[in-house]
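Down below is the structure, laid out as structure tokens.
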Amino acid sequence: MASEEGLQKVCIITGSNTGIGYNAAVKLLQNLNFEVILACRTPEKGEAAVESMRQELPNAKVSFMQLDLASLKSVRKFADDFHATGKPLHVLCDNGGFGNSNDDQAAKTEDGFELHMGTNHLGHFLLTMLLLGDLKKSATETGEARIVVTTSSLHDPKTGRGPAPTIDFDNLMLEKEGTYKGLFAYSTSKLANVLFTKELARRLEGTCVTVNCLCPGFIPLTGSMRHASAFT
Ligand SMILES: NC(=O)c1ccc[n+]([C@@H]2O[C@H](COP(=O)([O-])OP(=O)(O)OC[C@H]3O[C@@H](n4cnc5c(N)ncnc54)[C@H](OP(=O)(O)O)[C@@H]3O)[C@@H](O)[C@H]2O)c1
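Taking my numbering, I'd label the letters of the sequence shown as residues 29 to 260.
Written out as structure tokens, the structure reads:
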């Protein structure tokens with residue numbers, strides 16, 4: 029989706045102070061006519077990422093806006109703050125992600141959701157719904173807009189390790205005794221990413237807003253392994 033000459037398109041990337049999100053932002057700023065908003069939870073990290081990108085690309089139109097995907101209040105505030113800028117939105121990358129494969133470290137978001145499901149799926153679900161009108165508007169004006177979701181092949185029982193991820197609506201937050209396993213919680217949240225993508229793509233047919241998800245492959249040098257157990 030290279031921008032046409034003269035028309036700068038706006039892209040929001042969640043979790044872009046490091047790892048895959050950071051590198052995706054640099055690519056968009058380097059090669060394509062994009063303005064990129066880094067949607068990150070920690071202001072110091074977000075500002076440092078902006079600074080580092082500006083050093084590499086002095087003319088880059090890049091900025092930071094605070095977003096904690098593990099807080100629905102923060103997600104709503106982010107959407108309000110973005111709308112207050114008056115900018116259009118052409119691409120939303122639902123990329124930020126949390127993974128902790130330790131089985132004894134179950135945790136919840138401030139809204140009481142299991143932390144993987146709350147961060148990786150529900151936070152992005154709400155964010156996407158709140159920004160969908162902006163994407164549809166851009167698609168009408170320019171002919172296309174995109175939503176890109178970073179999932180993981182671990183959602184697939186054929187490639188995953190440990191028990192196959194499932195969406196158990198009677199135990200969505202893995203609260204039943206003995207059902208919480210870190211990797212299973214992560215994989216299940218990534219399965220939710222895939223199901224969300226498929227259903228949203230179906231609902232957006234004919235709007236020129238496309239929705240796709242991807243697995244980047246195993247990239248151990250990002251921060252994604254910071255909570256990995258020794259046996260992962
Ligand atoms: N690396 C791999 O092998 C691999 C494989 C398959 C899928 N993925 C997926 O790729 C995506 C990017 O991961 P990565 O490998 O680049 O790992 P990463 O370097 O750890 O980056 C993850 C990003 O998500 C952010 N994040 C975590 N919790 C957040 C929250 N509550 N609110 C907002 N941002 C939050 C992190 O912010 P902080 O720095 O503040 O924590 C960080 O910017 C994730 O969705 C991950 O599941 C990665």
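Where is the CB? At the ideal position from N, CA and C, for every residue including glycine.
All values derive from a computational prediction rather than experimental measurement.
ask   = What's the C-alpha gap between G125 and G245?
value = For the purposes of this step, residue 125 is taken as residue 97 along the sequence shown, with counting starting at 1. For the purposes of this step, residue 245 is taken as residue 217 along the sequence shown, with counting starting at 1. Cα to Cα, the separation comes out at about 14 Å.
key: Nearest-angstrom beta carbon gap, P71 and T94 [assumed within contact, 8 Å]   = By 1-based counting over the sequence shown, the position of residue 94 is 66. By 1-based counting over the sequence shown, the position of residue 71 is 43. The residue asked about is misnamed: residue 94 is Gln in this sequence, not Thr. Correct: roughly 6 Å between the Cβ atoms.
request  = Taking only heavy atoms of ligand 1 into account, decide whether any of them is closer than 7 Å to the Cβ of D131.
outcome  = As a first step, residue 131 must be located in the sequence shown, where it is residue number 103. No, since every heavy atom of ligand 1 falls outside the 7 Å radius drawn around the Cβ of D131.
inquiry  = Using the three-state DSSP reduction, which class does K55 fall into: helix, strand or coil?
reply    = Stepping through the sequence shown from its first residue, residue 55 is reached at position 27. Here K55 sits in helix by DSSP.
Range covered by the alpha helix (DSSP H) that runs through S80 = In the sequence shown, the residue the question calls residue 80 occupies position 52. Unbroken alpha helix (DSSP H) run through S80: P71 to E84.
query = DSSP beta-bridge partners for T177?
reply = Numbered from 1 along the sequence shown, position 149 holds the residue referred to as residue 177. It is worth fixing the name first, because residue 177 is Val in this sequence and not Thr. Beta-bridge pairing links V177 to D122 and C241.
ask   = Is T46 near ligand 1, going by C-beta to nearest heavy atom under 7 Å?
value = Taking the sequence shown and counting its residues from 1, one reaches residue 46 at position 18. Yes, ligand 1 has a heavy atom inside 7 Å of this Cβ.
inquiry  = Measuring only from the beta carbon, is F246 closer than 7 Å to any heavy atom that is part of ligand 1?
reply    = As a position in the sequence shown, residue 246 is number 218, starting the count at 1. The answer is yes for F246.
request  = Take the Cβ of P193 as the centre, count every other Cβ of all protein chains shown within 10 Å, and call the residue buried at 16 or more, exposed below.
outcome  = In the sequence shown, the residue the question calls residue 193 occupies position 165. So P193 counts as buried.
message = What does the Cβ neighbour count give for I195, buried or exposed, with the cut at 16 atoms within 10 Å?
response = To locate residue 195, count along the sequence shown from 1; it is residue 167. Exposed, because fewer than 16 other Cβ atoms sit within 10 Å of the Cβ of I195.
query = With DSSP run on the structure shown, which of helix, strand or coil describes F259?
reply = For the purposes of this step, residue 259 is identified with residue 231 of the sequence shown, where counting begins at 1. Low local confidence applies: a pLDDT of 47 at F259 is under 50, so the model's placement there is unreliable, and no value is given.
Nearest residue (CA-CA) to L200, options Q58, N59, M145 and S44 = Within the sequence shown, residue 200 is the residue found at index 172, counting from 1. Closest by alpha carbon: M145.
Close-in-space but distant-in-sequence residues of the same chain around A167 (CB under 7 Å, 5 per side omitted) = As a first step, residue 167 is located in the sequence shown; it is residue number 139 there, counting from the start. Around A167: A173, T235, C236 and V237.
query = When the Cα of E142 is compared with those of P116, L202, N61 and A112, which residue comes out closest?
reply = Indexing the sequence shown from 1 puts residue 142 at position 114. Measuring from the Cα of E142, the nearest candidate turns out to be L202.
query = Assuming V262 and C243 make a contact with CB atoms under 8 Å, what is their CB distance in whole Å?
reply = Here the chain comprises residues numbered 29 to 260, so residue 262 is not present and cannot be evaluated.
ask   = Is it true that the CB of A88 sits closer than 8 Å to the CB of H149?
value = Within the sequence shown, residue 149 is the residue found at index 121, counting from 1. Within the sequence shown, residue 88 is the residue found at index 60, counting from 1. No.
inquiry  = By alpha-carbon positions, which one of F212, Y214, A135 and V222 ends up nearest to I175?
reply    = Numbered from 1 along the sequence shown, position 147 holds the residue referred to as residue 175. Here the closest residue by C-alpha is V222.
key: Span of the alpha helix (DSSP H), counted from its first residue to its last, around A112   = In the sequence shown, counting from the first residue as 1, residue 112 sits at position 84. Where A112 is concerned, the enclosing alpha helix (DSSP H) stretches over L100 to T113.
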